[in-house]
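Numbering (the UniProt record's numbering), first residue to last: 1 to 96.
#1: Just to confirm, are residue 10 and residue 3 a CB contact at a threshold of 8 angstroms?
#2: With respect to the alpha helix (DSSP H) encompassing residue 39, which residues constitute its N-terminal and C-terminal limits?
#3: Return the residue from the list 25, 59, 34 that minimises the CA-CA distance to residue 1.
#4: For the 8 angstroms Cβ check, are there 3 or more pairs between the segment 48-61 and the segment 72-85?
#5: Report the residue ranges of all beta strand (DSSP E) runs contained in full by the UniProt region "Disordered" (1-21); include only those spanning at least 3 residues, in chain order.
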């Protein structure tokens, strides 16, 4: 049955020329899309949300976050707010 699920592959490239592909079920992309977002915009949103969530967890719920890691978490939160127009805490209901 899982072979019957349609997938979509997205290509990712970095400024240094490295590339990777990620394949996800197409229906999940449609499920989390906001309004008339493109599939690429949806994947971008999920990617940024994932990085922000992981950084938040490491800094605020992990152990021994150093100043460099805290700066990285602060920067991803700024990027999150720029993209979504709300803070990570407002978006997730998780504030402290």
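C-beta: ideal position from N, C-alpha, C; glycine also. Predicted, not measured: the structure shown is a model, and the values here were computed from it.
The answer reads as follows:
#1: no
#2: 39-61
#3: 25
#4: yes
#5: 7-13
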